Amino acid sequence: MFIKRRESRLKSSLPSLPSLSSLPSMSHASLSSPSPPLPPIITALSDEDEDLFFASSEWKSMDEKSNIKSRSKNRDDESASESSAISSYENKMKELSSQLSQVIQQMSREDNLGSAEQTSDGAYEFVSTITLIEDDGKRILVDTGLGTDINGRRSILEGLLTHGITPPAIDIVITTHGHPDHFGTHDYPDAIHFSSFYIHHKTRFNLSSLFDRDWHTVTKNVALFKASGHTSNDIAVFVDNEQKMGRTVISGDIYMREEDQLHPMMWVPLAADEQQQREARRTIACWTDWIIPGQGPPFRVGNKRKMAFQCSNKH
(Lines of atoms letter the chains of each structure in order from A and count residues from 1; the text may use other names and numbers.)
(Lines give C-alpha, C1' and ligand atoms only; values in the text may rest on other atoms or scores of the structure.)
Protein backbone atom coordinates (compact mmCIF):
# COMPACT_ATOMS: atom_id res chain seq x y z
CA MET A 1 0.00 0.00 0.00
CA PHE A 2 1.49 3.36 -1.00
CA ILE A 3 0.58 6.86 0.14
CA LYS A 4 1.78 9.69 -2.07
CA ARG A 5 2.07 13.11 -0.41
CA ARG A 6 1.41 16.40 -2.13
CA GLU A 7 4.79 17.53 -0.91
CA SER A 8 6.68 14.47 -2.19
CA ARG A 9 8.86 14.62 -5.26
CA LEU A 10 8.05 11.17 -6.59
CA LYS A 11 8.00 10.50 -10.29
CA SER A 12 4.54 10.54 -11.82
CA SER A 13 4.88 6.86 -12.66
CA LEU A 14 4.42 5.86 -9.02
CA PRO A 15 0.85 4.90 -8.04
CA SER A 16 -1.11 6.76 -5.38
CA LEU A 17 -4.09 5.99 -3.18
CA PRO A 18 -6.78 4.85 -3.42
CA SER A 19 -5.83 2.84 -6.53
CA LEU A 20 -2.63 1.51 -5.07
CA SER A 21 -0.90 -1.79 -4.71
CA SER A 22 -0.61 -3.50 -1.36
CA LEU A 23 2.60 -4.80 0.11
CA PRO A 24 1.24 -8.05 1.53
CA SER A 25 2.82 -10.08 4.26
CA MET A 26 1.62 -13.66 4.08
CA SER A 27 1.79 -15.47 7.35
CA HIS A 28 0.63 -18.77 8.68
CA ALA A 29 -0.94 -19.07 12.08
CA SER A 30 -2.64 -21.98 13.76
CA LEU A 31 -5.39 -21.88 16.27
CA SER A 32 -4.29 -23.91 19.22
CA SER A 33 -6.17 -27.19 19.41
CA PRO A 34 -7.61 -28.21 22.79
CA SER A 35 -4.94 -29.26 25.25
CA PRO A 36 -4.52 -33.02 25.79
CA PRO A 37 -6.11 -34.41 28.93
CA LEU A 38 -4.07 -33.79 32.04
CA PRO A 39 -3.01 -36.80 34.14
CA PRO A 40 -5.08 -37.36 37.28
CA ILE A 41 -3.61 -35.92 40.44
CA ILE A 42 -2.93 -38.53 43.14
CA THR A 43 -2.84 -37.23 46.68
CA ALA A 44 -0.83 -39.41 49.04
CA LEU A 45 -1.87 -39.72 52.67
CA SER A 46 0.50 -38.29 55.23
CA ASP A 47 2.05 -40.44 57.93
CA GLU A 48 -0.34 -38.96 60.45
CA ASP A 49 -3.34 -39.98 58.36
CA GLU A 50 -2.25 -43.61 58.21
CA ASP A 51 -3.35 -44.37 61.79
CA LEU A 52 -6.45 -42.21 62.01
CA PHE A 53 -9.65 -43.99 63.08
CA PHE A 54 -12.68 -43.39 65.26
CA ALA A 55 -12.28 -44.76 68.80
CA SER A 56 -15.36 -43.51 70.66
CA SER A 57 -18.13 -45.54 72.21
CA GLU A 58 -20.28 -44.87 69.16
CA TRP A 59 -17.74 -46.08 66.64
CA LYS A 60 -15.77 -49.25 66.36
CA SER A 61 -12.15 -49.21 65.36
CA MET A 62 -11.70 -50.32 61.75
CA ASP A 63 -9.39 -53.15 60.97
CA GLU A 64 -6.57 -52.69 58.45
CA LYS A 65 -8.57 -54.02 55.50
CA SER A 66 -11.45 -51.70 56.26
CA ASN A 67 -9.04 -48.77 56.58
CA ILE A 68 -7.52 -49.56 53.17
CA LYS A 69 -10.98 -49.69 51.58
CA SER A 70 -11.81 -46.29 53.09
CA ARG A 71 -8.63 -44.71 51.74
CA SER A 72 -9.25 -46.29 48.35
CA LYS A 73 -12.74 -44.78 48.26
CA ASN A 74 -11.32 -41.35 49.12
CA ARG A 75 -8.85 -41.65 46.28
CA ASP A 76 -11.64 -42.62 43.90
CA ASP A 77 -13.65 -39.57 44.99
CA GLU A 78 -10.63 -37.31 44.48
CA SER A 79 -9.93 -38.85 41.09
CA ALA A 80 -13.55 -38.34 40.04
CA SER A 81 -13.38 -34.71 41.17
CA GLU A 82 -10.16 -34.14 39.22
CA SER A 83 -11.61 -35.81 36.13
CA SER A 84 -14.64 -33.54 36.35
CA ALA A 85 -12.42 -30.44 36.60
CA ILE A 86 -10.30 -31.58 33.65
CA SER A 87 -13.41 -32.25 31.58
CA SER A 88 -14.76 -28.79 32.40
CA TYR A 89 -11.42 -27.21 31.39
CA GLU A 90 -11.33 -29.11 28.09
CA ASN A 91 -14.91 -28.08 27.30
CA LYS A 92 -14.03 -24.42 27.89
CA MET A 93 -11.00 -24.72 25.60
CA LYS A 94 -13.14 -26.31 22.88
CA GLU A 95 -15.70 -23.52 23.24
CA LEU A 96 -12.98 -20.84 22.99
CA SER A 97 -11.46 -22.53 19.93
CA SER A 98 -14.89 -22.67 18.31
CA GLN A 99 -15.49 -18.97 18.99
CA LEU A 100 -12.13 -18.01 17.49
CA SER A 101 -12.85 -20.13 14.42
CA GLN A 102 -16.17 -18.33 13.93
CA VAL A 103 -14.46 -14.95 14.19
CA ILE A 104 -11.80 -15.81 11.63
CA GLN A 105 -14.22 -17.46 9.21
CA GLN A 106 -16.10 -14.13 8.96
CA MET A 107 -12.98 -12.57 7.46
CA SER A 108 -13.29 -13.44 3.77
CA ARG A 109 -9.88 -13.45 2.09
CA GLU A 110 -9.03 -11.04 -0.75
CA ASP A 111 -5.68 -11.40 -2.52
CA ASN A 112 -3.13 -8.72 -1.58
CA LEU A 113 -5.61 -6.83 0.55
CA GLY A 114 -5.36 -8.53 3.91
CA SER A 115 -7.63 -11.04 5.69
CA ALA A 116 -7.62 -14.75 6.42
CA GLU A 117 -8.35 -18.06 4.74
CA GLN A 118 -8.57 -21.50 6.31
CA THR A 119 -5.96 -23.73 4.66
CA SER A 120 -6.42 -26.86 6.79
CA ASP A 121 -8.08 -28.02 9.97
CA GLY A 122 -7.26 -25.38 12.58
CA ALA A 123 -4.76 -23.53 10.33
CA TYR A 124 -5.28 -20.13 8.70
CA GLU A 125 -3.31 -17.99 6.29
CA PHE A 126 -3.17 -14.31 7.21
CA VAL A 127 -2.30 -11.27 5.15
CA SER A 128 -1.54 -8.17 7.23
CA THR A 129 -1.66 -4.65 5.83
CA ILE A 130 1.73 -3.00 5.24
CA THR A 131 1.80 0.66 4.22
CA LEU A 132 4.51 2.79 2.62
CA ILE A 133 4.37 6.57 3.13
CA GLU A 134 6.56 9.31 1.65
CA ASP A 135 6.40 12.69 3.35
CA ASP A 136 8.79 15.53 4.05
CA GLY A 137 11.64 13.67 2.34
CA LYS A 138 11.19 10.57 4.53
CA ARG A 139 10.18 7.04 3.56
CA ILE A 140 8.02 5.51 6.27
CA LEU A 141 6.98 1.86 6.52
CA VAL A 142 4.04 1.01 8.80
CA ASP A 143 4.04 -2.61 10.03
CA THR A 144 6.27 -5.28 8.51
CA GLY A 145 4.43 -8.61 8.63
CA LEU A 146 5.43 -11.96 10.11
CA GLY A 147 9.17 -12.58 10.17
CA THR A 148 8.96 -16.38 10.06
CA ASP A 149 7.09 -16.34 6.74
CA ILE A 150 9.75 -16.48 4.02
CA ASN A 151 7.25 -15.87 1.22
CA GLY A 152 5.89 -12.85 3.06
CA ARG A 153 9.37 -11.38 3.51
CA ARG A 154 10.03 -11.78 -0.20
CA SER A 155 6.70 -10.12 -1.06
CA ILE A 156 7.57 -7.04 1.00
CA LEU A 157 10.98 -6.67 -0.65
CA GLU A 158 9.49 -7.12 -4.11
CA GLY A 159 6.79 -4.57 -3.32
CA LEU A 160 9.37 -2.02 -2.23
CA LEU A 161 11.44 -2.64 -5.35
CA THR A 162 8.45 -1.77 -7.55
CA HIS A 163 8.84 1.74 -6.11
CA GLY A 164 12.61 1.69 -6.52
CA ILE A 165 13.20 1.30 -2.78
CA THR A 166 15.57 -1.08 -0.98
CA PRO A 167 15.55 -1.74 2.81
CA PRO A 168 18.46 0.65 3.60
CA ALA A 169 16.43 3.46 1.99
CA ILE A 170 13.65 3.18 4.59
CA ASP A 171 14.01 6.05 7.07
CA ILE A 172 11.31 5.20 9.61
CA VAL A 173 9.54 1.98 10.64
CA ILE A 174 6.36 2.23 12.73
CA THR A 175 4.87 -0.80 14.47
CA THR A 176 1.18 -0.39 15.34
CA HIS A 177 1.25 -3.08 18.04
CA GLY A 178 3.31 -5.97 19.33
CA HIS A 179 1.65 -8.92 17.62
CA PRO A 180 4.01 -11.03 15.47
CA ASP A 181 2.07 -10.59 12.23
CA HIS A 182 2.80 -6.86 12.38
CA PHE A 183 6.43 -6.50 13.45
CA GLY A 184 8.30 -9.56 12.16
CA THR A 185 10.43 -8.40 9.23
CA HIS A 186 12.44 -5.51 10.67
CA ASP A 187 15.22 -5.76 8.07
CA TYR A 188 15.82 -2.02 7.83
CA PRO A 189 19.27 -1.27 9.26
CA ASP A 190 19.24 2.52 8.88
CA ALA A 191 15.67 3.18 10.01
CA ILE A 192 14.39 4.83 13.17
CA HIS A 193 11.83 2.53 14.79
CA PHE A 194 8.70 3.70 16.59
CA SER A 195 6.85 1.15 18.72
CA SER A 196 4.97 0.91 22.01
CA PHE A 197 6.21 -0.40 25.34
CA TYR A 198 4.14 -3.52 24.66
CA ILE A 199 7.04 -4.67 22.47
CA HIS A 200 9.74 -3.36 24.78
CA HIS A 201 8.60 -5.28 27.88
CA LYS A 202 11.47 -7.46 29.19
CA THR A 203 13.41 -6.85 25.97
CA ARG A 204 16.63 -4.85 25.70
CA PHE A 205 16.73 -2.12 23.08
CA ASN A 206 19.08 0.71 22.28
CA LEU A 207 16.36 3.31 22.80
CA SER A 208 17.12 6.87 21.76
CA SER A 209 13.93 8.47 23.12
CA LEU A 210 10.80 7.71 25.12
CA PHE A 211 7.48 9.48 24.53
CA ASP A 212 4.86 9.43 27.27
CA ARG A 213 2.00 11.30 25.64
CA ASP A 214 -0.95 10.59 23.37
CA TRP A 215 0.43 12.35 20.26
CA HIS A 216 3.86 12.44 18.64
CA THR A 217 4.72 14.20 15.38
CA VAL A 218 6.92 12.16 13.03
CA THR A 219 7.05 14.38 9.92
CA LYS A 220 5.18 17.44 8.66
CA ASN A 221 2.02 15.48 7.84
CA VAL A 222 2.46 12.24 9.82
CA ALA A 223 1.75 11.80 13.53
CA LEU A 224 1.37 8.91 15.96
CA PHE A 225 -1.65 8.56 18.23
CA LYS A 226 -2.04 6.31 21.25
CA ALA A 227 -5.04 4.10 20.43
CA SER A 228 -5.23 1.25 22.92
CA GLY A 229 -7.75 -1.57 23.09
CA HIS A 230 -6.69 -4.33 20.74
CA THR A 231 -3.57 -4.58 22.92
CA SER A 232 -2.56 -2.61 25.99
CA ASN A 233 -0.72 -0.01 23.89
CA ASP A 234 -1.63 0.29 20.20
CA ILE A 235 -0.39 3.04 17.88
CA ALA A 236 -2.46 4.58 15.07
CA VAL A 237 -0.73 6.57 12.32
CA PHE A 238 -2.48 9.79 11.28
CA VAL A 239 -1.62 11.11 7.79
CA ASP A 240 -2.90 14.58 6.93
CA ASN A 241 -3.39 16.18 3.52
CA GLU A 242 -3.04 13.01 1.42
CA GLN A 243 -3.29 13.81 -2.29
CA LYS A 244 -6.49 11.89 -3.09
CA MET A 245 -7.81 10.67 0.24
CA GLY A 246 -7.39 13.70 2.47
CA ARG A 247 -7.06 12.69 6.12
CA THR A 248 -6.07 9.03 6.41
CA VAL A 249 -5.47 6.81 9.43
CA ILE A 250 -3.50 3.56 9.45
CA SER A 251 -5.28 1.92 12.36
CA GLY A 252 -3.47 -1.36 12.93
CA ASP A 253 -5.96 -3.86 14.34
CA ILE A 254 -8.08 -1.22 16.09
CA TYR A 255 -10.05 -1.68 12.87
CA MET A 256 -9.51 -5.17 11.47
CA ARG A 257 -11.29 -4.40 8.20
CA GLU A 258 -14.32 -2.47 6.96
CA GLU A 259 -16.77 -5.29 7.71
CA ASP A 260 -16.06 -5.23 11.44
CA GLN A 261 -18.14 -2.05 11.72
CA LEU A 262 -21.25 -4.16 11.15
CA HIS A 263 -19.95 -7.36 12.75
CA PRO A 264 -18.46 -6.66 16.21
CA MET A 265 -17.64 -10.35 16.63
CA MET A 266 -14.78 -9.75 14.21
CA TRP A 267 -12.95 -7.60 16.77
CA VAL A 268 -14.59 -7.70 20.23
CA PRO A 269 -13.36 -11.22 21.22
CA LEU A 270 -9.81 -10.18 20.26
CA ALA A 271 -9.79 -6.96 22.28
CA ALA A 272 -7.59 -6.64 25.36
CA ASP A 273 -9.90 -3.85 26.55
CA GLU A 274 -13.19 -3.57 24.65
CA GLN A 275 -14.16 -0.14 26.05
CA GLN A 276 -10.77 1.38 25.24
CA GLN A 277 -10.93 0.00 21.72
CA ARG A 278 -14.43 1.42 21.22
CA GLU A 279 -13.15 4.85 22.25
CA ALA A 280 -10.13 4.53 19.95
CA ARG A 281 -12.36 3.51 17.04
CA ARG A 282 -14.53 6.58 17.63
CA THR A 283 -11.53 8.94 17.79
CA ILE A 284 -10.17 7.56 14.53
CA ALA A 285 -13.51 7.65 12.70
CA CYS A 286 -14.24 11.22 13.81
CA TRP A 287 -10.85 12.55 12.67
CA THR A 288 -10.31 10.80 9.36
CA ASP A 289 -11.78 10.51 5.86
CA TRP A 290 -10.23 7.11 5.11
CA ILE A 291 -9.09 4.20 7.27
CA ILE A 292 -6.42 1.67 6.31
CA PRO A 293 -7.23 -1.27 8.65
CA GLY A 294 -4.90 -3.93 9.97
CA GLN A 295 -6.23 -6.80 7.85
CA GLY A 296 -7.93 -5.34 4.79
CA PRO A 297 -8.21 -2.69 2.05
CA PRO A 298 -8.79 1.04 2.73
CA PHE A 299 -12.36 2.19 3.27
CA ARG A 300 -14.03 5.59 3.44
CA VAL A 301 -15.57 6.91 6.65
CA GLY A 302 -18.87 8.43 5.54
CA ASN A 303 -21.10 10.99 7.24
CA LYS A 304 -23.45 8.29 8.52
CA ARG A 305 -20.62 6.64 10.41
CA LYS A 306 -19.53 9.98 11.88
CA MET A 307 -23.11 10.73 12.93
CA ALA A 308 -23.35 7.32 14.59
CA PHE A 309 -20.26 8.22 16.64
CA GLN A 310 -21.73 11.68 17.38
CA CYS A 311 -18.57 13.36 16.14
CA SER A 312 -18.16 17.07 16.89
CA ASN A 313 -16.65 19.76 14.69
CA LYS A 314 -13.56 19.78 16.91
CA HIS A 315 -12.26 16.57 15.37
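With UniProt numbering, letter number 12 in the sequence shown gets 12, and the count goes up by one each step, no holes.
C-beta atoms are modelled at their ideal positions from N, C-alpha and C, and glycine is treated no differently.
Since this is a predicted model, take the numbers as computed values, not measurements.
Taking residue i as part of the beta strand (DSSP E), name the residues at either end of that continuous run.
| i | result |
| --- | --- |
| F225 | 222–226 |
| residue 327 | The requested residue 327 is not part of the displayed model; the chain covers only 1 to 315. |
| A236 | 235–242 |
| F194 | 192–194 |
| P293 | 290–293 |
| E134 | 131–135 |
| W217 | Note on identity: in this sequence residue 217 is Thr, with Trp being the wrong assignment. Note, T217: beta strand (DSSP E), 215–217. |
Kindly list the residues whose CB is nearer than 7 Å to the CB of residue i, restricted to its own chain and excluding five residues on each side of it in sequence; keep chain order.
| i | result |
| --- | --- |
| D187 | P167 |
| A191 | I170, D171, I172, V173 |
| A271 | G229, H230, Q277 |
| I254 | A227, G229, H230, D234, A236, Q277, A280, R281, I284 |
Just mark residue i as buried or exposed, buried being the case when its beta carbon has 16 or more other beta carbons within 10 Å.
| i | result |
| --- | --- |
| N303 | exposed |
| M307 | exposed |
| G178 | buried |
| N91 | exposed |
| W290 | buried |
| K11 | With a pLDDT of 37 at K11, under the threshold of 50, the modelled position of this residue cannot be trusted, and the question is left open. |
| R300 | exposed |
| E158 | exposed |
Could you give the C-beta distance for residue i and residue j, rounded to a whole number, given that I count them as a contact under 8 Å?
| i | j | result |
| --- | --- | --- |
| G246 | A280 | Between A280 and G246 the Cβ distance is about 20 Å, and since that is not below 8 Å, they are no contact. |
| T185 | P293 | At roughly 20 Å, the Cβ-Cβ gap does not stay under 8 Å, so T185 and P293 are not in contact. |
| I235 | T131 | That pair is no contact at about 13 Å. |
DSSP state of residue i, grouped into three classes?
| i | result |
| --- | --- |
| T248 | strand |
| R278 | helix |
| W267 | coil |
| D181 | helix |
Can you list, in chain order, the residues of its chain with a C-beta nearer than 6 Å to that of residue i? Leave out the 5 residues immediately preceding and following it.
| i | result |
| --- | --- |
| D260 | M266, W267 |
| C311 | C286 |
| I140 | I133, I172 |
What first and last residue would you give for the alpha helix (DSSP H) that runs through residue i?
| i | result |
| --- | --- |
| R305 | 303–308 |
Grab me the residues of residue i's own chain with a C-beta within less than 8 Å of its C-beta, minus the 5 sequence neighbours each way, in chain order.
| i | result |
| --- | --- |
| D214 | F225, K226 |
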